[in-house]
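Novice: Have a look at this one before I ask anything.
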Amino acid sequence: MAPQHATATRAPREKPSARRSSRRSRRLERYAPYLFITPLLVIFVGFYLYPALVTVLSSFFRWGLLRPWSPAEPERWNFVGLDNYGQTLTDASFWNATLNTAIWLVVFPLLVAGLSLLVSILIWYLARGGAVFRTMFILPMTISLAATGVIWSLIYNPDPQVGLLNAVLDKLGILGADWNVGPLEVHTGAWLSDPGVLHLGFADLRLTNLALVIPAFWAFTGFGVITLTAGLTSVSYELVEAAKVDGANTWQVARYVLIPALRAPLVVVGVVSVIFALRTFDIVFVMTGGGPAEDTMVLALLLWQQAFAFLDTPQAGLATAIAVLLSVVMIVAAYRYLRQLLTEKPG
């Protein structure tokens with residue numbers, strides 16, 4: 022009987038072309054994320070980072086828009102160091118604009134967040150009429166801020182035959198009335214020139230700024246309503262029903278269930294409102310132009326004046342210094358939200 026020999030089965034050799042394809046696939050997997058984010062990085066560097074760096078650099082030079090500063094033309098540089106910042110920080114107009122901007126910074130976010138919270142909870146409770154309220158507050162967002170300024174200029178018109186507000190006050194018999202309540206003086210009628218003043222000892226706050234905050238608040242509240250209404254969609258009805266079973270009334274449900282669920286959306290509304298208040302320009306420019314006597318001048322409008330109102334003088338360096346200072350304030354104001362956003366863990 023012939024002996025049987027076992028034959029070992031060898032694994033087939035991998036073809037060189039397959040090995041090359043596998044290496045290419047691994048390299049592609051390694052570098053694919055970088056390829057995907059490259060367009061975003063190019064846009065960020067070209068449209069955000071580079072202009073920001075140029076703005077900061079140009080704030081150390083004296084130049085005007087008729088002869089703009091350029092990093093590619095060093096022979097035209099007029100370096101002044103921190104002189105633009107020193108001149109800005111010692112300018113009375115800058116601190117007046119800072120005070121007026123601070124009024125916006127305090128009053129505007131509080132009004133937007135407060136009314137948005139109230140309306141969003143009301144919409145949540147009103148199953149049928151909620152869409153009507155939502156539409157009422159969203160429609161003003163479709164109007165440009167410049168058009169909003171024109172509309173409210175007509176509403177504030179001192180002639181009761183034209184201005185809606187003074188027409189109502191005239192019918193009530195209080196048009197032109199003056200009230201003095203402690204440090205507060207109110208003069209009805211001239212809403213965009215002299216509606217009153219609040220004496221605080223260290224400063225006098227002109228109520229004209231409040232007359233400008235109201236149109237912006239009217240136009241911007243829709244954003245807060247949309248954001249908070251969307252936040253309420255995450256509230257579990259089972260949780261609400263459990264609270265009611267435990268004896269919670271409508272106010273207690275809103276306080277202990279709905280409002281805690283809106284903590285993150287409220288932060289978003291607050292931060293965006295603060296940024297809007299810091300960069301407000303359109304409404305002030307259209308309605309008062311910063312007057313009367315710079316009573317409503319804000320930092321964004323002062324920046325514009327320094328850059329564009331004096332084209333034949335080298336004032337643009339001062340404008341960029343204001344822009345840098347304003348940007349720093351915006352970053353500080355948004356820091357808490359940005360930190361929460363970047364450190365928040367999913368799930």
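In terms of my numbering, the sequence shown opens at residue 22 and continues consecutively.
For each residue, glycine too, the CB sits at the ideal point set by N, CA and C.
What residue ranges within the segment 305-338 form continuous alpha helix (DSSP H) runs of no fewer than 4 residues, ordered along the chain?
Specialist: Taking only runs of at least 4 residues, the alpha helix (DSSP H) segments lying wholly in the segment 305-338 are 320-329.
Novice: Assuming D267 is part of the beta strand (DSSP E), what are its boundary residues?
Specialist: Counting along the chain, D267 falls outside any beta strand (DSSP E), and DSSP gives it neither H nor E.
Novice: So, using beta-carbon positions, are I144 and F154 closer together than 7 Å?
Specialist: Yes, Cβ-Cβ distance for I144 and F154 is below 7 Å.
Novice: Name the DSSP bridge partner or partners of W200?
Specialist: In the DSSP output, where bridge partners are listed per residue, W200 has V207.
Novice: Are the Cβ atoms of V319 and T76 separated by less than 7 Å?
Specialist: Not closer than 7 Å, so no.
Novice: Which residues in the same chain as G210 place their Cβ atom closer than 7 Å to its Cβ, once the five residues preceding and following it in sequence are excluded?
Specialist: Taken in chain order, the residues that qualify are P179, N187, L196 and G197.
Novice: Taking the alpha-carbon positions, what's the S141 to I247 distance?
Specialist: The alpha-carbon atoms of S141 and I247 are separated by roughly 8 Å.
Novice: For L49, is the classification buried or exposed, using 16 other Cβ atoms within 10 angstroms of its Cβ as the cut-off for buried?
Specialist: When all chains shown are included, L49 counts as exposed.
Novice: Which of the three DSSP states is assigned to F244 in this structure?
Specialist: Helix at F244.
Novice: Based on DSSP bridge pairs, tell me the residues matched to V218.
Specialist: V218 is bridged to E206 and R227.
Novice: Using a Cβ-Cβ cut-off of 7 Å (strictly less than) and excluding sequence neighbours within five positions of Y177, which residues of its own chain qualify?
Specialist: Around Y177: G184, L186, W212, L213 and A232.
Novice: So S137 and T242 are in contact, right, with Cβ under 8 Å, and what is the actual spacing, rounded?
Specialist: Their Cβ separation, rounded to whole angstroms, is 6 Å, which keeps S137 and T242 in contact under 8 Å.
Novice: Give the list of continuous alpha helix (DSSP H) stretches no shorter than 4 residues that lie fully inside the segment 152-193.
Specialist: Here the runs fully enclosed are 166-176 and 185-193.
Novice: Taking DSSP as the reference, what is the three-state secondary structure of F82?
Specialist: DSSP places F82 in strand when its eight states are reduced to three.
Novice: Can you tell me the Cα-Cα spacing of L132 and I124, whole angstroms?
Specialist: One C-alpha to the other measures close to 12 Å.
Novice: Taking the DSSP output, what are the residues bridged to R88?
Specialist: According to DSSP, which records beta bridges pairwise, R88 is partnered with G85.
Novice: Count the other CB atoms, across all protein chains shown, that sit within 10 Å of the CB of L56; report buried if there are 16 or more and exposed otherwise.
Specialist: Exposed: under 16 other Cβ atoms inside 10 Å.
Novice: With DSSP run on the structure shown, which of helix, strand or coil describes F302?
Specialist: DSSP places F302 in coil when its eight states are reduced to three.
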